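A.B. asks: Please read through the structure below; I'll follow up with questions.
Residue numbers (the numbering used here): 61 to 594.
What follows is the structure, given as structure tokens:
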């Protein structure tokens, strides 16, 4: 009470020297003799609630701050959602514009028709692409009645060309067809759940659990070789496979500039090997490459996928690394494996990728945001070098999920379920299960369990303004970027999966990889000569 009286005597202008009280602002304490000599002043000080007014003001002020914080949070969420939606529509618009330009080039190249005829042919071109086979000159990924077909023709490094003069050298990208089969039996329909609801009863007539088979409609002509660096055994094997593919299969071979330099250093024989000069050439690789062969581990497969920001050619991954969840082929038998794959058909696993955008709070336009970044394994948001807990607000299709307080968060594909997510306590998931793994890293909570969300959702992770530190985000362990308070990371399933060849089939390869790589559920069998039930 004595301290309260001191504070009240400082704050209240009615308590002056006339009442026998010395201001604490002058001496830092009260003259106790003067106070005790004035009983009236003591009674007034005791009867008055000393801090009631200040406490009420503090409560009102804190409520006002909470209201402002909620309003700021709603504004930030609305801004992030609007920017994410704008980025998605911008991407769709660019794809549609490119598609229309391609159709226009096709119509103009056919020539000799009036403008009305060209318009009519443009309207019917989609049907023509869906029904044409090897003679189709339009670069499209189309769906037929029962299968998925890919047709693409190249001329002088450009796609979408029409009729070409005989003087131009033609290079036709290999076309292929995907079909689904279950237990060795091919299916006559697409891989979708077929739901029946006759007579008010909903039943699933067909499950989407069939294997995928790739069959070449025209033989592959171009192969891209990607290798693990700084490995003598890989260099020797690469030169051997390149020579075999050229002499036995007569294929056009692309390699990285580093690998071409190594091959030419070994022998001038490898002068036929082709490569690229800059990033612009890398962006058009998918229009030239029919097949990718990787020599390394899972990291080499990740590198191969990162080179293609759009469609990815089929990948044949050979295991020359420490762990191989995505590399089922052994290099000792590369002749048999590659001959079988070039001949076709063969089973593939469609490995889904995540498409990520970073939306900056300080961005004044979409050009100041970052993305898209494509990841095959996972995107990780962590606290970096900060000693504070990561504070992350997570939303799923604009619905609040949770606030992550811990070391960070992993958003993983099902192919990445055996990587960082597994080490953080996430479940192992078959790579063809369409879903997004939501796995916390060392959460400061006993009830925070990992989630598996459907593939069609859009996830948004926001660093709130009241976070004590910034966050850091990395994509497949690379391209580390900083997230300031107010910044958001938006993730959704990318439309371009990574097709990897299977040695047997998708399920057999997956089960073998977790048995061999992780020794999953390996223990001694219980002895049979123990006590038994009566």
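Glycine residues also receive a C-beta, built at the ideal position from the N, C-alpha and C atoms.
Please read all numbers here as calculations on a predicted model, not as lab measurements.
In terms of DSSP beta bridges, what is residue 390 paired with?
C.D. replies: In the chain shown, residue 390 corresponds to position 330, counting from 1. In DSSP, residue 390 forms a bridge with 379.
A.B. asks: Classify residue 492 as buried or exposed, calling it buried when 16 or more other Cβ atoms lie within 10 Å of its own Cβ.
C.D. replies: Taking the first residue of the chain shown as position 1, residue 492 is located at position 432. It is buried - the Cβ of residue 492 has at least 16 other Cβ atoms within 10 Å.
A.B. asks: Determine the DSSP secondary structure at residue 429, reduced to helix, strand or coil.
C.D. replies: For the purposes of this step, residue 429 is taken as residue 369 along the chain shown, with counting starting at 1. Note: residue 429 maps to coil in three-state DSSP.
A.B. asks: Do residue 450 and residue 548 have their C-beta atoms within less than 8 Å of each other?
C.D. replies: Here residue 450 corresponds to residue number 390 of the chain shown, with the count starting at 1. Here residue 548 corresponds to residue number 488 of the chain shown, with the count starting at 1. Not a contact, by the Cβ cut-off of 8 Å.
A.B. asks: Quick one: residues in its chain with C-beta nearer than 6 Å to the C-beta of residue 508, no 5 flanking neighbours on either side, listed in chain order?
C.D. replies: As a first step, residue 508 is located in the chain shown; it is residue number 448 there, counting from the start. Same-chain partners within the cutoff: 500.
A.B. asks: Would you identify the three-state DSSP class for residue 325, choosing helix, strand or coil?
C.D. replies: Numbered from its first residue, the chain shown carries residue 325 at position 265. Residue 325 falls in the helix class under three-state DSSP.
A.B. asks: Pairs of beta-carbons, one from the stretch 555-564 and one from the stretch 575-592, closer than 8 Å: are there three or more?
C.D. replies: Because the criterion of three Cβ pairs below 8 Å is not met, the stretch 555-564 and the stretch 575-592 do not touch.
A.B. asks: Taking the Cβ atom as the reference point for each residue, do residue 471 and residue 522 lie within a distance shorter than 8 Å?
C.D. replies: Taking the first residue of the chain shown as 1, we reach residue 471 at position 411. Taking the first residue of the chain shown as 1, we reach residue 522 at position 462. No, the Cβ-Cβ distance between residue 471 and residue 522 is not below 8 Å.
A.B. asks: For residue 437, collect the residues of the same chain with a Cβ closer than 6 Å to its Cβ; drop the 5 residues on either side in sequence, then sort them by chain order.
C.D. replies: Translated into positions along the chain shown, residue 437 becomes position 377. Only 476, 479 and 536 meet the Cβ criterion.
A.B. asks: According to DSSP, is residue 568 helix, strand or coil?
C.D. replies: Sequence index remark: in the chain shown, residue 568 carries index 508 (1-based). DSSP places residue 568 in helix when its eight states are reduced to three.
A.B. asks: Contact check, residue 276 vs residue 404 under 8 Å by CB: the rounded distance?
C.D. replies: For the purposes of this step, residue 276 is taken as the residue at position 216 of the chain shown. For the purposes of this step, residue 404 is taken as the residue at position 344 of the chain shown. Yes, residue 276 and residue 404 are in contact; Cβ-Cβ is about 4 Å, under 8 Å.
A.B. asks: Using CA coordinates, which residue listed in 333, 125 and 310 is at the minimum distance from residue 321?
C.D. replies: The residue you call residue 321 lines up with position 261 of the chain shown. For residue 321, the nearest C-alpha among the options comes from 333.
A.B. asks: At which residues does the alpha helix (DSSP H) containing residue 301 begin and terminate?
C.D. replies: Numbered from 1 along the chain shown, position 241 holds the residue referred to as residue 301. Looking at the DSSP string, the run of the alpha helix (DSSP H) that includes residue 301 is 292-309.
A.B. asks: Give me whichever residues DSSP pairs with residue 415 in a beta bridge.
C.D. replies: Counting from 1 along the chain shown, the entry for residue 415 is found at position 355. For residue 415, which the question treats as bridged, DSSP gives the partners 434 and 552.
A.B. asks: What's the gap between the Cα of residue 340 and the Cα of residue 441?
C.D. replies: Counting from 1 along the chain shown, the entry for residue 340 is found at position 280. Counting from 1 along the chain shown, the entry for residue 441 is found at position 381. Cα to Cα, the separation comes out at about 30 Å.
A.B. asks: In whole angstroms, what is the alpha-carbon distance linking residue 416 and residue 154?
C.D. replies: What you label residue 416 is simply residue 356 of the chain shown in a count that begins at 1. What you label residue 154 is simply residue 94 of the chain shown in a count that begins at 1. Whole-angstrom Cα-Cα distance: 17 Å.
A.B. asks: Contact between the stretch 294-301 and the stretch 420-429: three or more CB pairs below 8 Å?
C.D. replies: Result no; under three Cβ-Cβ pairs closer than 8 Å.
A.B. asks: Do residue 284 and residue 349 have their C-beta atoms closer together than 8 Å?
C.D. replies: Position 224 of the chain shown, counted from the first residue, corresponds to residue 284. Position 289 of the chain shown, counted from the first residue, corresponds to residue 349. Yes, the pair counts as a contact, with Cβ atoms nearer than the cut-off.
A.B. asks: Cα-Cα, which of 159, 135, 125 and 330 is closest to residue 421?
C.D. replies: The residue given as residue 421 occupies position 361 in the chain shown. Of the listed residues, the one whose Cα sits closest to residue 421 is 135.
A.B. asks: For residue 314, collect the residues of the same chain with a Cβ closer than 8 Å to its Cβ; drop the 5 residues on either side in sequence, then sort them by chain order.
C.D. replies: Here residue 314 corresponds to residue number 254 of the chain shown, with the count starting at 1. Same-chain partners within the cutoff: 282, 283, 284, 285, 333, 334, 335, 336, 345, 348 and 349.
A.B. asks: Can you look up residue 363 in the DSSP assignment and give me helix, strand or coil?
C.D. replies: Along the chain shown, read from residue 1 onward, the residue named residue 363 stands at position 303. Residue 363: helix per DSSP, three-state reduction.
A.B. asks: Mind checking which residues open and close the beta strand (DSSP E) that includes residue 531?
C.D. replies: What you label residue 531 is simply residue 471 of the chain shown in a count that begins at 1. Note, residue 531: beta strand (DSSP E), 531-535.
A.B. asks: So, does the CB of residue 551 fall closer than 8 Å to a CB anywhere in chain C?
C.D. replies: The structure shown contains no chain C, having only a single protein chain.
A.B. asks: Taking the CB atoms as reference points, tell me whether residue 570 and residue 545 lie closer together than 8 Å.
C.D. replies: Position 510 of the chain shown, counted from the first residue, corresponds to residue 570. Position 485 of the chain shown, counted from the first residue, corresponds to residue 545. Cβ atoms of residue 570 and residue 545: not closer than 8 Å.
A.B. asks: Would residue 361 and residue 386 be called neighbours here (beta carbons separated by less than 8 Å)?
C.D. replies: On the chain shown, residue 361 is found 301 positions in, with the first residue counted as 1. On the chain shown, residue 386 is found 326 positions in, with the first residue counted as 1. Closer than 8 Å, so yes.
A.B. asks: Residue 497: which of 506, 483, 514 and 503 sits nearest, CA to CA?
C.D. replies: Counting from one through the chain shown, the residue named residue 497 turns up at place 437. Nearest C-alpha to residue 497: 514.
A.B. asks: Sort 505, 161 and 384 by Cα distance to residue 462 and report the nearest one.
C.D. replies: Working through the chain shown from its first residue, we reach residue 462 at position 402. The candidate whose alpha carbon is nearest that of residue 462 is 505.
A.B. asks: Tell me whether the beta-carbon of residue 389 lies closer than 8 Å to the beta-carbon of residue 372.
C.D. replies: In the chain shown, counting from the first residue as 1, residue 389 sits at position 329. In the chain shown, counting from the first residue as 1, residue 372 sits at position 312. No, they are not a contact pair.
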